[in-house]
Each structure stands twice: as C-alpha cells, then as structure tokens.
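What follows is a set of notes on a single structure, which appears directly below.
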Amino acid sequence: MVIGDELIRRMSRRRNGHWSQLRRKPIGEVHLKVSSIKESRSDDKRFSIFTGTKTLHLRAETREDRGSWMEALHAVKEMFPRMSNSELMAPLDGLVVSTEKLRQRLQEEGVREDSEQIMRAEFAALQNQLVALKQKQSLLVDTLRQLETEKVDLENNTLVDESQKQAKDDESAYGSRLGKSSGMS
C-alpha cells in the first residue's frame, strides 16, 4: 500500500553516498469506503484497517503520527459517504406522487378536465422512468457485488503470486551476495 510522498521518502535508502528510491510495486489496494479503521488498545502507535477480507496492522513512528494517520484516513473516508444497502435497495412502493393539490388548484382556476388527464399521464410516465431506474440500479448493485468478489479472488491470487516472486527475488539476491562473499575470501 503506497500512501503519498511521505511514505516514498521514508522508503528511500542511502547507498554509496546517494539517496535512491526503494523500488517496490504495490501488491494490493485498500478501499477505505468499505473499511473500518481502529486504534490498537495495546500499543499507542499501532492501528488497523479492516476490510471485508483483510486486516492491515500498521504502526506509526509516534503516537502523534498515529493520530495524524487516523485523522487523515477518516477524513478521506468521510469524503465519500457510503449508502447502506437498505437505502440503495429501498423499494419504490413508498414513493407516492400526489396530484390532489394540483388537481384542486386547476379546478379553482377553471382549467378543464383534459389538462388534468395530461398532467396524470406525465406523472405516470415519470413514475415508469423511476421504476426503470430502480431496476437498473438493482442490476448495477448486483454487478458491483460480483465484481468485488472477483476482485477479492484476484487480489488473493496476486498476493500469493507476488509474495512467492518476492521470496524468489530475495533468495536470488541472497544467493548472489553469498557467491560474491565466498569468492572474495
């Protein structure tokens, strides 16, 4: 997980008198919108990010840094409020468009009955459009759930592949250093 310039700076290391970036590819991402963020009770520098499938345990350098991280993560999360599934899937049955007040006003003004029928037809068309939009929304939510499931599966497979690749790279680098060390003796 790469978060901002500060992390990149901290991941830099000094080699041969020069600062160089530690080149590591991120192996995953965290969707804060669907995560919960909590402080550790046992360590005043630790905090965790919980997703539906993973838990990231993180440790700041100081208690103040942890507070800053927590504040920043919560601020970003609040920028994109999440609607509950019950709100997303609320039935349209509760939607009632009343034309009674408008009909009374039209009668008071002496407007003929055919105008009222036109108005009712327009409201019926509007309600049909709302029903169609609700059906599209339902399909999109189902598709989103399916994509999230596939994404989690892909992330889990990628994490395994990346950690195996990283282990092989580390092993190769270690073997290479051993060869150089033993050759110099």
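The numbering of the sequence shown is the numbering used here, which starts it at 838 and goes up by one. A virtual CB, placed ideally from N, CA and C, is assigned to each residue, including glycine. Treat the numbers as computed from the prediction; the structure is a model and nothing was measured.
Listed in chain order, the non-local C-beta contacts of residue 893 below 6 Å within the same chain comprise 886, local neighbours out to five positions each way being set aside. It is roughly 23 Å from the alpha-carbon of residue 900 to the alpha-carbon of residue 867.
DSSP places residue 878 in no beta strand (DSSP E); its state is neither H nor E. In this model, residue 983 and residue 910 are separated by some 27 Å (Cα to Cα).
Taking the C-beta atoms as reference points, residue 936 is found nearer than 8 Å to residue 957. Within the stretch 911-996, the runs of alpha helix (DSSP H) that reach at least 4 residues and sit entirely inside it are, in chain order, 922-925, 937-945. For residue 896, same chain residues with a beta-carbon under 6 Å away, outside a window of 5 residues either side, are 882, 883 in chain order.
Here the C-alpha atom of residue 973 lies approximately 20 Å from the C-alpha atom of residue 986. The C-alpha of residue 878 is placed about 22 Å away from the C-alpha of residue 890.
One Cα belongs to residue 939, the other to residue 945, and the distance between them is close to 10 Å.
Here the C-alpha atom of residue 919 lies approximately 19 Å from the C-alpha atom of residue 989. Listed in chain order, the non-local C-beta contacts of residue 913 below 8 Å within the same chain comprise 869, local neighbours out to five positions each way being set aside. The C-beta separation of residue 907 from residue 955 comes to about 57 Å, leaving the pair out of contact by the 8 Å criterion.
Across the structure, residue 876 and residue 964 are spaced so that their CA atoms are roughly 47 Å apart.
Under DSSP, residue 892 shares a beta bridge with 887.
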